[in-house]
Each structure stands twice: as structure tokens, then as C-alpha cells.
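In UniProt numbering, the protein residues as written are 1 to 209. Don't be surprised by glycine CBs; every beta carbon is placed ideally from N, CA and C. None of the values given here were measured: they were computed from a predicted structure.
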Ligand SMILES: CC(C)(COP(=O)(O)OP(=O)(O)OC[C@H]1O[C@@H](n2cnc3c(N)ncnc32)[C@H](O)[C@@H]1OP(=O)(O)O)[C@@H](O)C(=O)NCCC(=O)NCCS
């Protein structure tokens, strides 16, 4: 019996898709639906990261306007925060303990095709109790383990030593200075750009055990 020649075989290897706008469902936060169901909210050490609801926005604005926070983060109105809850690519989070919210975090570009997410803002009410550190760890867990991004980056003001030290201790690396990139009063302020890559995140996590 003649042996038939082998059929040519075509193997298609597909990379895991990054979060893209066409995966979105209505509502917030706008992330991949299956992942949202299975993996959120996230909790570490009694602190929970959960989606911000419209009725949380008064708390968010109140916190943002406190003088020790207003020095370091930009100010939005309640309407601007509400609008951001529905904006594609934005993830708005409340950081909460069982007795209520302790802070919030705002991410942009969670749909970036290059997998690069901006941690735009994080604010914690009771400073120096460890909530900021745990809050950033929760944000990173979301970015790298839920949204499966490749890089998280942020801008930190040159005089914001507390925030900068916290990011560096969590493994962030300085990329450089974005010169006079943010309006401040009548002038402009320069910002330090820090980032954390997925492999660096995984190494730091392994180191923490
Ligand atoms: C920055 C911020 C989120 C940190 O949250 P926090 O709850 O105060 O921080 P933590 O208690 O988790 O402390 C984090 C680290 O900073 C250190 N720290 C605390 N106060 C500090 C200070 N005044 N100066 C320098 N380091 C300080 C802590 O020892 C801790 O170190 P560790 O990570 O080695 O344990 C919070 O202070 C905040 O909301 N600041 C105003 C808004 C802001 O600056 N946001 C960031 C914009 S980029």
C-alpha cells in the first residue's frame, strides 16, 4: 500500500492577549470579565482593594483635598472622579479595612497594548501605619497578576520622600526625571519617573516569601 505523504502541519502560537477595549463589559472597573469574577476583590493583611462606586467619590475628594495630600497629588472634582469610573483604560479603587475605606488608588492605561500601566494616584488617610505599603502591593498584584501587564510606572514629586522610599523598597527603579512636566502654581514641577517590570515584581515577591 502506498504511504501517503504527511500533511503539512501549521502550528499557530498565540500570546496571551493583553487587556484590550473590546474585552470590556459595561460597568467598572473596565477589565477582563473572567478575571474580575474570579480574582477580585483582592485582600492582603486585612486591607482590601475593591472597585470605587459613585457614592465613594465624596470620600475620595475629601481625602485628596486634605493639605498633606493636596501637596503631592492633583485635585479632581467629584464629577471628574465619577466620570473616570466609566472611562476605558481607567481603574479606580478603594482601599478598605473592615471598618471602612482608608484610601484610594487610580490606574490609567490598563488597556495599553504594550502592557504598561500608569499608577496615576494613591492616597492613604492614616499615614505611617503600613496601609500605603500594603495598598501599593495590592495595586501591583492587580496589575501583574490580574491585568497581566508587563510594566507599572509612576511619577513622584522630587520632594515626596515618603512615597519615593516606599516605591523603591517595593522594587521600583528610577528611569529619570520628567523635567517641568506638571503645572504647579504659576510654574512647573519636575517629576521622578519610577517603574517596575513584571520580572522585577516576581523576584521581589519571591524575596518576600
Ligand atoms: C505615600 C503614601 C501613600 C504612603 O502611605 P503610608 O500608609 O503613609 O505608608 P506606610 O505606612 O505604608 O509606610 C511606607 C514606608 O514609608 C516609611 N515612612 C513613613 N513615614 C515616612 C516619612 N515621613 N518619610 C519617609 N519615609 C516614611 C515607612 O517607614 C515605610 O517604610 P517600609 O516600607 O520600609 O516599611 C501616603 O503617605 C500618602 O497618601 N501620601 C500623600 C499622597 C501621596 O504622596 N501619594 C503618592 C503620590 S506619588
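Separation of residue 46 from residue 134, as counted between CA atoms: 9 Å
Best match in 165, 107, 179 and 159 for proximity to residue 51 [C-alpha to C-alpha]: 107
Per DSSP, cross-strand counterpart(s) of residue 116: 151
As assigned by DSSP and simplified to three states, the class of residue 1: Because residue 1 carries a pLDDT of 49, less than 50, the predicted location of this residue cannot be relied on, and the following value inherits that uncertainty. Correct three-state label for residue 1: coil.
Touch test, the segment 86-102 against the segment 132-150, Cβ-Cβ under 8 Å, three pairs minimum: yes
Residues sharing a beta bridge with residue 195, DSSP: 153 and 173
Residue burial classification, residue 84 (beta-carbon count within 10 angstroms, cutoff 16): buried
Residue 76 versus residue 41: straight-line alpha-carbon distance, rounded: 25 Å
Closer than 8 Å: residue 203 CB and nearest ligand 1 heavy atom: no
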